[in-house]
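Asker: Submitted below is the structure of interest, expressed as structure tokens.
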Amino acid sequence: MKSKVMRWTTVSFGRYKGKTLPEIIVRDLDWFFWALPKLYGKLADEAQELARKAAGESLVEVGRSYNVSHSTISRLETGA
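In our numbering, the protein residues as written are 10 to 89.
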């Protein structure tokens with residue numbers, strides 16, 4: 010079975026220019042949710058998928074999505 014590799018789009022503006030949304034979520038969750046309704050195109054699609062996962066999936070499911078342990082997800086800190 011072939012594993013699905015997610016290629017994330019980088020943000021092209023602001024303080025997180027050049028960063029992916031998962032990188033931003035780990036650093037500044039508030040900024041992610043502030044920017045969410047302002048995004049469009051592929052970046053908006055990726056953001057909606059991440060927001061959906063954050064809202065309802067277990068740590069095991071989220072960890073599996075990013076090919077990391079659920080314990081890694083549980084240790085992530087938010088904030089700058």
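From the three backbone atoms N, C-alpha and C, an ideal C-beta is built for every residue, glycine too. Just so you know, these numbers come straight off a predicted model, no measurement behind them.
Just to confirm before moving on: does the CB-CB distance between Ile33 and Phe41 stay below 7 Å?
Answerer: In contact: Ile33 and Phe41 (Cβ atoms closer than 7 Å).
Asker: Could you tell me the alpha carbon to alpha carbon distance between Trp17 and Val77, rounded to whole angstroms?
Answerer: If you take the alpha carbons of Trp17 and Val77, they lie about 16 Å apart.
Asker: Residues in the same chain with beta-carbon distance under 6 Å from Gly88, minus the five sequence neighbours each way, listed in chain order, please.
Answerer: Model confidence at Gly88 stands at a pLDDT of 42, short of 50, so the residue's coordinates are unreliable; what they give is reported in the following sentence. If we look at Gly88 and ignore the five residues flanking it on each side, it has no Cβ neighbours.
Asker: DSSP on Ala18, reduced to helix/strand/coil?
Answerer: Looking at the sequence provided, one finds Thr at residue 18 rather than Ala. Note: Thr18 maps to coil in three-state DSSP.
Asker: Tell me, to the nearest whole angstrom, how far the beta carbon of Leu59 is from that of Leu30; I am working on the premise that it is less than 8 Å.
Answerer: So it is a contact: roughly 6 Å between Cβ atoms.
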